[in-house]
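*Asks:* This is the structure I have questions about; it appears just below.
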Amino acid sequence: MNKKRKISILGSTGSIGTQALEVIEKLQDKFEIIALAGGNNIELLKQQALKFRPKYICANEKIEINGISSLTGSEGLEDICSNRENDIILVAVSGKIGLKPTLKAIDCGIDIALANKETLVMAGDIVMKKAKEAGVNIIPVDSEHCAIHQCIKNISQVEKLIITASGGPFLHKTIEDMKNATVTQALAHPRWNMGRKITVDSATLMNKGLEIIEAHHLFNMPYEKIDVVVHPQSIVHSAIEYKDGSVIAQIGLPSMHIPIQYAITYPERFEGIKSKSFSFSEIARLDFEKPDFDKFPSLNLAYEAGKTGGSATVCLNAANEEAVFAFLNDQIRLYDIYQITEKMMEKHNVVKTPDIDEIFEIDSEIRTKTREIIKG
Ligand code: MG
Numbered sequence: 070m071n072k073k074r075k076i077s078i079l080g081s082t083g084s085i086g087t088q089a090l091e092v093i094e095k096l097q098d099k100f101e102i103i104a105l106a107g108g109n110n111i112e113l114l115k116q117q118a119l120k121f122r123p124k125y126i127c128a129n130e131k132i133e134i135n136g137i138s139s140l141t142g143s144e145g146l147e148d149i150c151s152n153r154e155n156d157i158i159l160v161a162v163s164g165k166i167g168l169k170p171t172l173k174a175i176d177c178g179i180d181i182a183l184a185n186k187e188t189l190v191m192a193g194d195i196v197m198k199k200a201k202e203a204g205v206n207i208i209p210v211d212s213e214h215c216a217i218h219q220c221i222k223n224i225s226q227v228e229k230l231i232i233t234a235s236g237g238p239f240l241h242k243t244i245e246d247m248k249n250a251t252v253t254q255a256l257a258h259p260r261w262n263m264g265r266k267i268t269v270d271s272a273t274l275m276n277k278g279l280e281i282i283e284a285h286h287l288f289n290m291p292y293e294k295i296d297v298v299v300h301p302q303s304i305v306h307s308a309i310e311y312k313d314g315s316v317i318a319q320i321g322l323p324s325m326h327i328p329i330q331y332a333i334t335y336p337e338r339f340e341g342i343k344s345k346s347f348s349f350s351e352i353a354r355l356d357f358e359k360p361d362f363d364k365f366p367s368l369n370l371a372y373e374a375g376k377t378g379g380s381a382t383v384c385l386n387a388a389n390e391e392a393v394f395a396f397l398n399d400q401i402r403l404y405d406i407y408q409i410t411e412k413m414m415e416k417h418n419v420v421k422t423p424d425i426d427e428i429f430e431i432d433s434e435i436r437t438k439t440r441e442i443i444k445g
């Protein structure tokens with residue numbers, strides 16, 4: 070990159086956002102930060118703003134810092150995304166709040182480094198169609214999709230995608246153990262350090278389910294051609310099989326710095342934060358096994374929702390998220406997350422091609438109904 074790449078980060082105070090700033094600090098001659106958006110964590114956002122001096126900051130409340138314009142709320146996020154100064158926007162907010170700003174950025178022809186799953190799970194058809202029409206790159210930050218993005222040269226030659234899953238903390242526990250799991254046990258992820266909602270999703274494998282849907286949209290691949298394999302060491306981040314039987318996998322130490330850096334510097338590569346050189350002999354062994362669909366029914370729910378299409382994935386996402394919040398609040402047990410989500414999916418009248426407003430309506434309708442079921 071000869072001239073500095075102008076970047077904004079939505080969700081700069083979260084797990085992906087803070088690591089992205091570590092990457093940018095290391096590559097400071099490559100980037101200029103236009104805006105940082107941080108939601109509720111005002112103190113951290115202030116520190117980041119003082120350190121990185123963006124032109125704009127955005128939070129849930131106004132922040133006074135000399136020389137930096139303060140924006141607020143989701144309107145602020147959309148303002149950032151319609152600022153054509155940006156070369157790329159890292160969308161790392163969690164939840165549905167990422168969707169509308171992402172669409173704004175696409176409309177303005179700004180490339181997206183996408184770390185927000187909901188954008189594709191809720192509105193993948195709309196988002197990918199718009200991006201294609203606008204000639205906008207959507208580069209995935211999610212480690213599995215980033216891996217696949219790195220493996221693919223020509224999508225039309227690809228036979229299938231193979232998404233790896235660490236298996237989470239319950240991989241070798243019984244269904245009974247899972248039924249009695251506490252919040253602390255569910256949050257004890259063996260490989261990745263992430264936010265609470267996504268960590269519970271990793272324990273139930275719903276995170277993998279959502280990733281199947283993401284992969285379908287990102288790579289325009291039918292669900293029949295997306296496989297999941299459990300790989301506890303999280304060294305193989307995912308793979309693709311070409312039509313001629315050749316398999317290409319992306320391998321590396323489990324660090325989110327690498328996919329974040331890949332996405333924001335694409336198509337170039339720099340040394341950046343790489344902690345140490347990769348050694349096959351130090352890794353010594355890699356294990357793979359079939360996922361247990363009985364123990365982790367989320368995978369089936371996700372395949373089903375994905376194949377049904379339309380608003381089915383909106384329902385899946387909203388019901389699951391509400392159930393996860395209830396679990397984190399000790400209102401329900403871990404296994405209830407599946408049962409509640411499944412119940413909501415059964416009752417849902419699928420809208421085939423919902424527009425963005427309908428997607429948001431359906432989302433809040435499902436959330437309200439899910440909370441009612443939880444209350445009992
Ligand atoms: Mg992932």
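Per our numbering, the sequence shown starts with residue 70, numbered consecutively.
Heads up, the beta-carbon is just placed ideally off N, CA and C, and yes, glycines get one too.
The structure presented is a predicted model; accordingly, all values stated were derived computationally and were not measured.
Using 8 Å for Cβ pairs, my map puts THR273 next to SER367. What's the rounded Cβ distance?
*Replies:* That pair is a contact at about 5 Å.
*Asks:* Pick out every residue whose C-beta is nearer than 7 Å to a heavy atom of ligand 1: which are they, in chain order?
*Replies:* Going along the chain, the residues that qualify are ASP211, SER212, GLU213, ASN276 and GLU280.
*Asks:* Is GLN88 closer than 8 Å to ILE320 when the C-beta atoms are compared?
*Replies:* Cβ distance not < 8 Å, so ILE320 and GLN88 don't count as in contact.
*Asks:* Would the stretch 229-243 count as touching the stretch 290-310 if we require 3 or more Cβ pairs under 8 Å?
*Replies:* Yes, the stretch 229-243 touches the stretch 290-310.
*Asks:* Please determine, among GLU358, THR410 and VAL205, the residue with the shortest C-alpha to C-alpha distance to ILE443.
*Replies:* Nearest C-alpha to ILE443: THR410.
*Asks:* Within 8 Å of any Cβ in chain C, is that where the Cβ of LEU240 sits?
*Replies:* Of the protein chains in this structure there is only one, and it is not chain C.
*Asks:* Given a cut-off of 8 Å, decide if LYS169 and GLU147 are closer than it, judged by their beta-carbon atoms.
*Replies:* Yes, these two residues count as a Cβ contact at 8 Å.
*Asks:* Following the continuous beta strand (DSSP E) through ALA182, name the residue where it begins and the one where it ends.
*Replies:* Taken as a continuous stretch (DSSP letters only), the beta strand (DSSP E) holding ALA182 covers 180-183.
*Asks:* Assess contact between the stretch 83-101 and the stretch 151-170, defined as three or more Cβ pairs (one per stretch) separated by less than 8 Å. Is contact present?
*Replies:* In short, these stretches touch, since the Cβ pair count reaches three.
*Asks:* Note down the Cα distance separating LYS438 from GLY445, rounded to an integer number of angstroms.
*Replies:* Each residue's alpha carbon lies about 11 Å from the other.
*Asks:* Buried or exposed: which applies to LYS165, given that a residue is buried once 16 or more other Cβ atoms fall within 10 Å of its Cβ?
*Replies:* With 16 or more other Cβ atoms within 10 Å, it is buried.
*Asks:* Short check: CB of VAL210 to CB of ALA332, under 8 Å?
*Replies:* In contact: VAL210 and ALA332 (Cβ atoms closer than 8 Å).
*Asks:* Using the three-state DSSP reduction, which class does VAL92 fall into: helix, strand or coil?
*Replies:* In the structure shown, VAL92 sits in a helix (DSSP, three-state: H, G or I).
*Asks:* Since I believe SER81 is in contact with LEU105 (beta carbons under 8 Å), could you give me their beta-carbon distance rounded to a whole number of angstroms?
*Replies:* About 4 Å separates the two Cβ atoms, so the contact holds.
*Asks:* Here's a check: name, in chain order, each residue in its chain whose Cβ is nearer than 6 Å to the Cβ of VAL383, leaving out the five neighbours to either side.
*Replies:* These residues qualify, in order along the chain: MET191, ILE428, ILE431 and ASP432.
*Asks:* Based on the DSSP output, what are the partners of SER77 in its beta bridges?
*Replies:* SER77 is bridged to ALA104 and ILE158.
*Asks:* Is it buried or exposed for ALA353, if we count other Cβ within 10 angstroms and need 16 for buried?
*Replies:* Exposed: under 16 other Cβ atoms inside 10 Å.
*Asks:* Under the DSSP definition of a beta bridge, which residues are partnered with GLN319?
*Replies:* In DSSP, GLN319 forms a bridge with SER307.
*Asks:* Check for me: the beta strand (DSSP E) holding CYS215 runs from which residue to which?
*Replies:* First-last for CYS215: 212-220, but that is the alpha helix (DSSP H), not the beta strand (DSSP E).
*Asks:* Could you give the distance in angstroms between the alpha-carbon of THR188 and the alpha-carbon of GLY145?
*Replies:* The alpha-carbon atoms of THR188 and GLY145 are separated by roughly 18 Å.
*Asks:* Do you know offhand how far ARG440's Cα is from GLY378's?
*Replies:* Their backbone Cα atoms lie some 24 Å apart in a straight line.
*Asks:* Return the residue from the list GLY193, ASP176 and CYS215 that minimises the CA-CA distance to GLU202.
*Replies:* It is ASP176 whose Cα lies nearest to the Cα of GLU202.
*Asks:* Can at least three beta-carbon pairs, one atom from the stretch 244-259 and one from the stretch 394-414, be found at a separation below 8 Å?
*Replies:* Contact holds: three or more Cβ-Cβ distances are below 8 Å.
*Asks:* Figure out for me which residue from HIS326, PRO323, ILE78 and ALA318 has the closest Cα to the Cα of ASN155.
*Replies:* When only C-alpha atoms are compared, the closest one is ILE78.
*Asks:* Indicate the three-state DSSP secondary structure (helix, strand or coil) for LEU385 in the structure shown.
*Replies:* LEU385: helix per DSSP, three-state reduction.
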